[in-house]
Amino acid sequence: MGRMYHLDHGYITIPEANNIVKRTLGIVKKDDKTYYFKILRFAKKGWFGGKMHGKRMFQVRRKDIVQYAEELLEAQRYNLFNFHLATELTEVRQLSKSMELVQVQQN
17 MGRMYHLDHG YITIPEANNI VKRTLGIVKK DDKTYYFKIL RFAKKGWFGG KMHGKRMFQV
77 RRKDIVQYAE ELLEAQRYNL FNFHLATELT EVRQLSKSME LVQVQQN
C-alpha cells in the first residue's frame with residue numbers, strides 16, 4: 017500500500033494522478049512513466065491546480081486529472097477514427113488515379 021499524505025481536500029499526488037490516467041487509457045505496463053512526467057511538468061506550471069506540498073512534492077486536483085484523462089481518451093479515439101479515414105482517403109485517391117490512367121490508356 018502506498019503512503020498516505022495529508023493533502024488538501026480534493027488533491028492527489030502525482031503518482032496517484034499517473035495511475036488514474038493509466039487506468040483510464042487502459043495502459044497495463046506497470047512502470048510506464050510517460051504521463052507521470054507530463055503531469056509533473058504541468059503541475060509545476062500551475063496546471064491542474066498544481067501546487068507544492070512540503071519541500072519536494074506536488075499535488076494536483078483530482079477532478080482536473082480525471083477530466084484530463086477523459087480528454088486524452090477522447091483524443092485517442094478521435095485519432096484512431098482519423099487514421100482509418102485517412103487510410104480510406106488514400107485508397108480512394110489511388111483508385112481514382114488508377115481509373116484515370118485506365119481511361120487515358122483506353123483513349
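Counting from 17, one number per residue, gives the positions in the sequence shown under the numbering used here.
C-beta: ideal position from N, C-alpha, C; glycine also.
Spatial neighbours of Met68 in its own chain (CB-CB distance under 7 Å, excluding positions within 5 residues in sequence) are listed in chain order as Phe74. Secondary structure of Arg57 (DSSP, three-state): helix.
Its Cα nearest to that of Gly26, the residue Gly66 stands out among Tyr51, Gly66 and Arg93. For Lys71, the closest C-alpha among the options Lys79, Lys60, Arg77 and Ile81 is that of Lys60.
About 6 Å separates the beta carbons of Ile36 and Ala85, which is inside the 8 Å limit, making them a contact pair. Membership of Lys38 in the alpha helix (DSSP H) is indicated by the continuous run Ile30 to Leu41. A straight-line Cα-Cα distance of about 48 Å links Phe53 and Ser114.
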